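A.B. asks:
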Amino acid sequence: MEKKEQLYEGKAKKVFATDDANLVIVDYKDDATAFNGEKKGTIAGKGVINNVMSNHMFQLLEQQGVPTHFVEQLSDRETVVKKVSIVPLEVIIRNISAGSFAKRYGVNEGIVFDEPTIEFSYKNDDLGDPLMNAYHAIALKLATREEIERIKAMAFKVNEVMKQYFDTLNVTLVDFKLEFGKTADGTIVLADEISPDTCRLWDKTTGEKLDKDRFRRDLGGVEEAYQEIMKRVMSK
Ligand code: TMP
Numbered sequence: 001m002e003k004k005e006q007l008y009e010g011k012a013k014k015v016f017a018t019d020d021a022n023l024v025i026v027d028y029k030d031d032a033t034a035f036n037g038e039k040k041g042t043i044a045g046k047g048v049i050n051n052v053m054s055n056h057m058f059q060l061l062e063q064q065g066v067p068t069h070f071v072e073q074l075s076d077r078e079t080v081v082k083k084v085s086i087v088p089l090e091v092i093i094r095n096i097s098a099g100s101f102a103k104r105y106g107v108n109e110g111i112v113f114d115e116p117t118i119e120f121s122y123k124n125d126d127l128g129d130p131l132m133n134a135y136h137a138i139a140l141k142l143a144t145r146e147e148i149e150r151i152k153a154m155a156f157k158v159n160e161v162m163k164q165y166f167d168t169l170n171v172t173l174v175d176f177k178l179e180f181g182k183t184a185d186g187t188i189v190l191a192d193e194i195s196p197d198t199c200r201l202w203d204k205t206t207g208e209k210l211d212k213d214r215f216r217r218d219l220g221g222v223e224e225a226y227q228e229i230m231k232r233v234m235s236k
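Sequential numbering of the sequence shown, starting at 1, is according to my numbering.
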């Protein structure tokens with residue numbers, strides 16, 4: 001597999017072309033941002049952890065019947081994935097109140113919901129990723145009704161698989177963000193990453209935050225938290 005020209009650079013990853021028009025290589029960086037890029041920093045070793053953990057999660061999800069973009073890990077920071085056009089929606093599932101949900105509705109963090117919630121935001125940095133409902137996404141032709149239904153079903157399935165998995169690691173899956181892509185033949189697959197950057201993960205016993213909130217909120221112990229999650233993920 002030949003790594004060719006860079007196609008794109010995002011806040012946490014670069015994407016490169018390959019000699020196969022249907023495949024690209026993602027290269028994970030240690031760069032970290034928060035609040036739509038206002039806060040910037042680096043988390044040493046994050047790129048390696050997010051690459052390896054995402055691939056672990058994607059393989060687990062594939063085994064459970066969720067199609068993903070994952071093809072093959074090339075190195076500790078690089079992975080071959082299917083080339084997709086990203087549906088410009090951030091799909092957020094929540095099991096417990098936290099973050100922008102707690103802020104928006106004026107409630108404490110840590111309220112356990114009877115049922116998971118789903119929400120979308122429009123993936124658009126210039127607009128600050130505004131919250132959006134399914135009708136708005138369809139009106140703006142970001143996705144069809146059928147694609148939205150498929151994305152919702154896949155997102156809830158991902159939640160069931162991940163909740164159970166993290167439970168075995170003594171970790172509570174509070175919430176997470178997914179992105180979906182469309183392959184050349186129109187199939188919707190899970191894309192982007194699943195990592196401590198994109199999930200809230202709390203130690204089940206102590207409640208300690210083992211995710212990017214340590215960076216967002218200047219809690220310290222950021223690298224240690226990523227390493228702790230990596231260690232637990234690698235154990236199962
Ligand atoms: P929120 O509570 O800030 O809306 O975040 C919900 C989840 O989505 C949380 O697990 C962090 C993740 N997330 C991202 O992956 N990218 C983002 O840009 C934001 C705002 C949140």
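From the three backbone atoms N, C-alpha and C, an ideal C-beta is built for every residue, glycine too. Computed from a prediction, not measured in an experiment: that's the story for all the values here.
May I have the straight-line CA-CA distance separating Ile63 from Glu9, to the nearest angstrom?
C.D. replies: Within the sequence shown, residue 63 is the residue found at index 63, counting from 1. Within the sequence shown, residue 9 is the residue found at index 9, counting from 1. Note that residue 63 corresponds to Gln in the displayed sequence, not to Ile. Each residue's Cα considered, the two are about 30 angstroms apart.
A.B. asks: Using three-state DSSP, classify Glu59 as helix, strand or coil.
C.D. replies: To locate residue 59, count along the sequence shown from 1; it is residue 59. One detail in the question is off: residue 59 reads as Gln in this sequence, not Glu. Helix.
A.B. asks: Using only the alpha-carbon positions, how far apart do Ile111 and Ser97 sit?
C.D. replies: In the sequence shown, counting from the first residue as 1, residue 111 sits at position 111. In the sequence shown, counting from the first residue as 1, residue 97 sits at position 97. About 5 angstroms.
A.B. asks: Any heavy atom of ligand 1 closer than 7 angstroms to the beta-carbon of Arg217?
C.D. replies: By 1-based counting over the sequence shown, the position of residue 217 is 217. No, Cβ of Arg217 sits at least 7 angstroms from all heavy atoms of ligand 1.
A.B. asks: When you compare only the Cα positions, how much space is there between Leu210 and Glu78?
C.D. replies: Within the sequence shown, numbered from 1, the residue matching residue 210 stands at position 210. Within the sequence shown, numbered from 1, the residue matching residue 78 stands at position 78. Roughly 23 angstroms between the two C-alpha positions.
A.B. asks: Return no unless some Cβ of chain D is closer than 8 angstroms to the Cβ of Ala184.
C.D. replies: The structure shown contains no chain D, having only a single protein chain.
A.B. asks: Could you tell me the alpha carbon to alpha carbon distance between Met132 and Tyr122, rounded to whole angstroms?
C.D. replies: Within the sequence shown, the letter at position 132 stands for residue 132. Within the sequence shown, the letter at position 122 stands for residue 122. One C-alpha to the other measures close to 6 angstroms.
A.B. asks: Taking the continuous alpha helix (DSSP H) assigned at Thr168, which residues delimit it?
C.D. replies: What you label residue 168 is simply residue 168 of the sequence shown in a count that begins at 1. Note, Thr168: alpha helix (DSSP H), 145-168.
A.B. asks: Taking the alpha helix (DSSP H) that Ser100 falls in, what are its first and last residues?
C.D. replies: Translated into the one-based positions of the sequence shown, residue 100 becomes position 100. Element bounds for Ser100: 99-105.
A.B. asks: Only counting the same chain, and skipping five residues up and downstream in sequence, which positions put a Cβ closer than 6 angstroms to that of Arg145?
C.D. replies: Against the sequence shown, residue 145 aligns to sequence position 145. Result list for Arg145: Ile138, in chain order.
A.B. asks: Please return the same chain residues whose Cβ sits closer than 6 angstroms to the Cβ of Pro88, not counting the five positions on each side in sequence.
C.D. replies: Residue mapping note: residue 88 aligns to position 88 of the sequence shown, counting from 1. So the list reads Lys123, Leu142, once near-sequence residues are dropped.
A.B. asks: To which residues of the same chain is Ala34 closer than 6 angstroms at the C-beta, ignoring the five residues directly before and after it?
C.D. replies: For the purposes of this step, residue 34 is identified with residue 34 of the sequence shown, where counting begins at 1. These residues qualify, in order along the chain: Arg216.
A.B. asks: Name, in chain order, the residues that DSSP records as bridge partners for Ser121.
C.D. replies: Indexing the sequence shown from 1 puts residue 121 at position 121. DSSP, once it has assigned bridges, lists Glu90, Leu131 as partnering Ser121.
A.B. asks: Decide if Val71 is buried, meaning its Cβ has at least 16 other Cβ atoms within 10 Å, or exposed.
C.D. replies: Residue numbering aside, residue 71 sits at position 71 when the sequence shown is read from its first letter. With 16 or more other Cβ atoms within 10 Å, it is buried.
A.B. asks: Could you tell me the boundaries of the alpha helix (DSSP H) in which Gln227 lies?
C.D. replies: For this step, residue 227 is matched to residue 227 along the sequence shown. 222-234 is the span of the alpha helix (DSSP H), which, as asked, contains Gln227.
A.B. asks: Exposed or buried, Ser75, counting other C-beta atoms within 10 Å across all chains shown (16 or more means buried)?
C.D. replies: Numbered from 1 along the sequence shown, position 75 holds the residue referred to as residue 75. Its Cβ having fewer than 16 others within 10 Å, Ser75 is exposed.
A.B. asks: So Ile151 and Glu119 are supposed to be a Cβ contact under 8 angstroms. How far apart are they, rounded?
C.D. replies: Locating residue 151 in the sequence shown gives position 151, counting from the first residue. Locating residue 119 in the sequence shown gives position 119, counting from the first residue. Not a contact, Cβ separation roughly 12 angstroms.
A.B. asks: Reducing DSSP to helix, strand and coil, say where Asn22 ends up.
C.D. replies: What you label residue 22 is simply residue 22 of the sequence shown in a count that begins at 1. The answer is coil: DSSP assigns Asn22 none of H, G, I, E or B.
A.B. asks: For Phe101, which residues of its own chain have a beta-carbon under 7 angstroms away from its beta-carbon, when the five flanking residues on both sides are left out?
C.D. replies: Here residue 101 refers to the residue found at position 101 when the sequence shown is read from its first residue. Only Arg94 meet the Cβ criterion.
A.B. asks: Could you work out which residue in Leu60, Ile25, Lys11, Ile49 is closest to Asn36 when comparing CA atoms only?
C.D. replies: Here residue 36 is taken as the residue at index 36 of the sequence shown, counted from 1. Among Leu60, Ile25, Lys11, Ile49, the Cα nearest to that of Asn36 is on Lys11.
A.B. asks: Does the beta-carbon of Ile92, which I'm using as the reference point, lie nearer than 7 angstroms to any heavy atom of ligand 1?
C.D. replies: For the purposes of this step, residue 92 is taken as residue 92 along the sequence shown, with counting starting at 1. For ligand 1, at least one heavy atom lies less than 7 angstroms from the Cβ of Ile92.
A.B. asks: Just checking Glu32 against ligand 1 - is the residue's beta carbon closer than 7 angstroms to any of the ligand's heavy atoms?
C.D. replies: The residue labelled residue 32 in the question sits at position 32 within the sequence shown. Before going on, a small fix: residue 32 reads as Ala here, not Glu. Outside the cutoff, so no.
A.B. asks: State the beta-bridge partners of Glu72 as determined by DSSP.
C.D. replies: Taking the sequence shown and counting its residues from 1, one reaches residue 72 at position 72. Its beta-bridge partners are Val80.
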